[in-house]
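Encoded as structure tokens, the structure appears first; notes follow it.
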Amino acid sequence: MPELPEVETIRAGLARLLPQRKIEAVAVYDSPKSFPNGEEQTKQFLIGADVLRVRRRAKVLLIDLDTNYTLVVHLKMTGQLVFRGETNFGAGHPTDSLIGRLPDRSTRVQVDFIDGSHLFFNDQRKFGWIKLLPTQEVGYLSFFQKVGPEPLEETTTSEQFIGRVRRHNNMMIKPAILDQSVIAGVGNIYADEALWAAKIHPETRVGHLSDEQLNTLFKEIRAVLLLGIEKGGSTDKNYIDAEGRRGNYLSFARVFRREGQPCPVHPDQEIVKLKVAGRGTHICPVCQVVQ
DNA sequence: CACTTGACCTGTCCGC
DNA sequence: TGCGGACAGGTCAAGT
Numbered sequence: 177m178p179e180l181p182e183v184e185t186i187r188a189g190l191a192r193l194l195p196q197r198k199i200e201a202v203a204v205y206d207s208p209k210s211f212p213n214g215e216e217q218t219k220q221f222l223i224g225a226d227v228l229r230v231r232r233r234a235k236v237l238l239i240d241l242d243t244n245y246t247l248v249v250h251l252k253m254t255g256q257l258v259f260r261g262e263t264n265f266g267a268g269h270p271t272d273s274l275i276g277r278l279p280d281r282s283t284r285v286q287v288d289f290i291d292g293s294h295l296f297f298n299d300q301r302k303f304g305w306i307k308l309l310p311t312q313e314v315g316y317l318s319f320f321q322k323v324g325p326e327p328l329e330e331t332t333t334s335e336q337f338i339g340r341v342r343r344h345n346n347m348m349i350k351p352a353i354l355d356q357s358v359i360a361g362v363g364n365i366y367a368d369e370a371l372w373a374a375k376i377h378p379e380t381r382v383g384h385l386s387d388e389q390l391n392t393l394f395k396e397i398r399a400v401l402l403l404g405i406e407k408g409g410s411t412d413k414n415y416i417d418a419e420g421r422r423g424n425y426l427s428f429a430r431v432f433r434r435e436g437q438p439c440p441v442h443p444d445q446e447i448v449k450l451k452v453a454g455r456g457t458h459i460c461p462v463c464q465v466v467q
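Okay, so the first sequence: first residue is 177 according to the numbering used here, each after it adds one.
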């Protein structure tokens, strides 16, 4: 579920909450994809380490430790990373939280800090994972070798985006922008929102789009991701931030999950849901026409 | 090689 | 109310 705005919101929360806390213990409940190099050995590497900082690249969280190791976390569809301080362990969580006392039955990994606080990795569908790697080696993960530029970095340009997306001239534009090697961090929600804003039908072939249209699309990708961050991400069923709070973006979404509702600019036209490249896709058939 | 499809999992929702 | 099937926001391997 989490796309760039959700992962960034979690990162910002963890960056305030985790640094300088020292790991006392780690429990792995049921997370077959986590710690592939031996659970027990990995735990020994973790115990006694302090958290230095929390970074994000694409949809991946990087928790750097003072031992030159990094916890690499991918939340995939239903992953959550929730911090509980000593004082709000249990009943003190925010009232709008989707979850109660932790650990619960979706908790896969629990990290205890010596000050009595905890970090929980919850994941209903078990697609997500946590790996421990030497910090220097994180960049060598195959995902990071091929992942595209960060859309919100000042140094990332529209020309870079256009150059990368044009490598897939035959592909439909929606699966092209979902491809993490084209641009990092866009997922199904923000893809639909950006394509609507750019007035581009998701099934249009990249080769049929002008540079001007792709430039507009890049600007709209940036805009929807920024709005997503501003609203604390999108909560449909599962997503919560590091403190258990829901995100509000979907209240501002213009097409995603709004089938049957009026298009914001064509009040007489209903948003339609279709399937594009296997993914649920939402469009205004007047705003967005296949070229 | 470029692109598409199925697999990974569990939970929920919808129609019969 | 019960049950089968479709579907869910991501990525990768396998297949065409």
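Using N, Cα and C, we set each Cβ at its ideal position, and we do this for glycine too.
Nearest-angstrom beta carbon gap, residue j and residue i [assumed within contact, 8 Å]
| i | j | result |
| --- | --- | --- |
| PHE428 | LYS449 | Their Cβ separation, rounded to whole angstroms, is 19 Å, which puts PHE428 and LYS449 out of contact at 8 Å. |
| ARG433 | TRP372 | Contact flag wrong, Cβ pair sits at about 13 Å. |
| ALA367 | THR392 | Actually they do not touch by this definition, with Cβ atoms about 15 Å apart. |
| VAL400 | ALA370 | 5 Å |
| ILE290 | ILE353 | Going by Cβ atoms, the distance from ILE290 to ILE353 rounds to 44 Å, so no, they are not a contact pair. |
| LEU402 | LEU328 | 7 Å |
| ARG301 | THR254 | 5 Å |
| GLY304 | HIS250 | 6 Å |
Cα-Cα separation, residue i to residue j
| i | j | result |
| --- | --- | --- |
| PHE211 | GLN220 | 12 Å |
| ILE359 | GLU335 | 12 Å |
| PHE320 | ASP444 | 45 Å |
| ASP387 | PRO178 | 29 Å |
| TYR316 | LEU241 | 18 Å |
| VAL462 | THR333 | 30 Å |
| CYS460 | LEU194 | 43 Å |
| ILE349 | ARG342 | 10 Å |
| TYR425 | VAL362 | 15 Å |
| GLY456 | ASP412 | 14 Å |
| GLN217 | VAL441 | 57 Å |
| VAL183 | SER293 | 21 Å |
| ASN298 | ALA453 | 29 Å |
| VAL382 | LYS209 | 35 Å |
| PHE337 | SER207 | 35 Å |
| GLN389 | SER282 | 43 Å |
| GLU548 | HIS458 | The shown model of the chain, from 177 to 467, leaves out residue 548, and the question about it has no answer. |
| GLU379 | PRO325 | 23 Å |
| PRO351 | ASN364 | 9 Å |
| ARG233 | GLN356 | 11 Å |
| GLU313 | ILE306 | 15 Å |
| ARG260 | GLY339 | 44 Å |
| ILE239 | MET347 | 35 Å |
| LYS451 | GLU262 | 46 Å |
| ALA267 | LYS252 | Confidence is the limiting factor: at ALA267 the pLDDT is only 43, short of 50, which leaves the residue's position unreliable, though a coordinate-based value still follows. The alpha-carbon atoms of ALA267 and LYS252 are separated by roughly 28 Å. |
| PHE265 | GLY404 | With a pLDDT of 47 at PHE265, under the threshold of 50, the predicted position of this residue should be treated as unreliable, though the coordinate-derived value follows. Spanning the two alpha carbons is a distance of roughly 28 Å. |
| LYS395 | ASP280 | 41 Å |
| GLU439 | ASN414 | At residue 439 the sequence reads Cys, which differs from the Glu that was named. Spanning the two alpha carbons is a distance of roughly 26 Å. |
| THR271 | THR311 | At THR271, the pLDDT of 44 sits below 50, so the modelled position is not reliable; the number obtained from the coordinates is stated separately. One C-alpha to the other measures close to 37 Å. |
| THR243 | ARG231 | 16 Å |
| THR331 | SER318 | 23 Å |
Residue i beta carbon near the ligand ATP (any heavy atom closer than 7 Å)
| i | result |
| --- | --- |
| PHE337 | This structure lacks the ligand ATP; in fact it carries no ligand of any kind. |
Pair within 8 Å by beta-carbon distance, residue i and residue j
| i | j | result |
| --- | --- | --- |
| GLY409 | GLY420 | no |
| TYR205 | LEU308 | no |
| VAL258 | ALA418 | yes |
| ILE186 | LEU237 | yes |
| LEU385 | GLN256 | no |
| GLN464 | HIS344 | no |
| LEU278 | LYS235 | no |
| ILE416 | ILE275 | yes |
Worksheet item: Would you call the segment 186-205 and the segment 220-231 touching, i.e. three or more CB-CB distances under 8 Å?
Response: yes
Worksheet entry | Start-end ranges of the alpha helix (DSSP H) lying completely within the segment 343-393, minimum 4 residues | 349-354, 364-373
Worksheet item: Is it a yes or a no for the segment 284-298 touching the segment 197-217, going by three-plus beta-carbon pairs under 8 Å?
Response: Per the Cβ contact rule, the segment 284-298 is in contact with the segment 197-217 (3 or more Cβ pairs under 8 Å).
Practice prompt. Would you list, in sequence order, the uninterrupted alpha helix (DSSP H) runs of no fewer than 4 residues that lie entirely inside the segment 198-229?
Written response: 215-222
Discussion item. Just to confirm the assignment: which complete alpha helix (DSSP H) runs, minimum length 4, are found wholly within the segment 384-465?
Written reply: Those alpha helix (DSSP H) runs which fall completely within the segment 384-465 and span 4+ residues are 387-406.
Worksheet item: Which ranges would you report for the beta strand (DSSP E) in the segment 263-322 if only whole runs of at least 3 residues count?
Response: 283-289, 294-299, 305-310
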